[in-house]
Amino acid sequence: MKVDQKLGTYQQQEGQAPTIEWDEITSHLNARSFALYRPTGSPFTARRVCFFQPGQEENALIRASMKDTTLTAFFKLNRDDPNARQYFYREIPHHYVFHDKESVWKPRRNRARVIGRLYTVSVKQVERHCLRLLLINVKGPQSFQHLQTVDGVEYPTFKLAAIALNLLEDDRVWESTMTEAATYQIPHELRQLFVDICLYCNPANPLHLLESNMEHLMEDFIAQIVPLCAY
């Protein structure tokens with residue numbers, strides 16, 4: 001059985017316990033704080049699994065939807081704490097700690113070395129990618145509607161809001177996307193990213209984008225060729 005929901009899916013397979021899995025506000029984004037270790041979980045999705053008794057699916061969905069994610073808790077933090085509004089989403093883990101049990105961000109008490117990170121999103125997922133761009137570039141948003149509002153005008157999509165903020169005006173966003181991806185993706189994944197950008201994002205100067213990232217794009221090929229040249 002599989003029933004799509006606005007906030008997720010209900011799935012049940014024979015021989016398995018019923019579960020409800022739902023995306024974090026369909027954004028596939030998250031912010032994790034960590035000190036000297038990498039966060040667990042997929043870098044593309046953040047799902048919650050809710051177990052329930054047969055016939056209690058709706059109640060389980062209601063309970064799950066009432067619990068804030070790190071992103072919706074970030075919005076609440078900005079509404080309640082004026083001091084938090086000076087930070088970007090990725091900066092919050094430097095100053096606050098997310099308490100899973102209460103689903104709230106609380107001021108950080110220690111001086112631990114912390115790295116904040118936004119999960120990456122495929123450029124093919126245009127709305128999610130633009131939501132990520134907005135979270136990177138907008139301080140103190142208090143809701144999704146806040147992110148979609150520029151100069152008093154609420155835009156119907158994250159893409160239109162990003163355009164209004166000139167985040168998609170030129171190839172700088174794709175340059176930064178490639179540069180960021182080069183820090184954690186292997187060459188063949190970078191090549192796929194470059195192809196996706198060319199196919200779905202219409203860069204103004206794809207040749208320059210290629211040439212400026214050639215070293216990272218060809219790193220594996222170079223590693224194979226250099227030993228052969230030694231003979």
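Read in order, the letters of the sequence shown correspond to residues 1 to 231 in UniProt numbering. Every residue, glycine too, gets a C-beta built ideally from N, C-alpha and C. Predicted, not measured: the structure shown is a model, and the values here were computed from it.
Ranked by Cα distance from Arg-113, the options Leu-71, Lys-67, His-94 and Asp-68 are led by His-94. Val-123 places its beta carbon less than 8 Å from that of Tyr-200.
In this structure, Leu-209 sits away from Arg-191, with a CB-CB distance that is not shorter than 8 Å.
Look at Lys-139 here: in three-state DSSP terms it is coil, with no helix or strand label.
Per DSSP, the unbroken beta strand (DSSP E) holding Lys-106 starts and ends at 104–107.
For Arg-172, the enclosing alpha helix (DSSP H) has its first and last residue at 172–181. The straight-line gap separating the alpha-carbon atoms of Val-173 and Val-195 is approximately 15 Å.
Around the C-beta of Gly-140, 16 or more other C-beta atoms lie within 10 Å, and the residue is accordingly described as buried.
In this structure, DSSP gives Ile-186 a state outside helix and strand, which the three-state scheme calls coil. Around the Cβ of His-188, a 10 Å sphere holds fewer than 16 other Cβ atoms; the residue is exposed.
If you check the CB distance, Val-121 and Ala-73 do not come in under 8 Å. Assignment of Val-153 by DSSP, reduced to helix, strand and coil, places it in the strand class.
DSSP places Phe-98 outside any alpha helix (DSSP H); the residue lies instead in the beta strand (DSSP E), whose first and last residues are 96–99. Beyond the five residues adjoining it in sequence on each side, Asp-220 comes within less than 6 Å, by CB distance, of Pro-187 in the same chain, given in chain order.
Excluding five sequence positions before and after Leu-165, the CB atoms of its chain that fall closer than 6 Å to its own CB belong to Val-150, given in chain order. Within the model, the alpha-carbon separation for Leu-133 versus Tyr-89 is close to 11 Å.
DSSP, reduced to helix, strand and coil, places Arg-79 within a helical segment of the structure shown.
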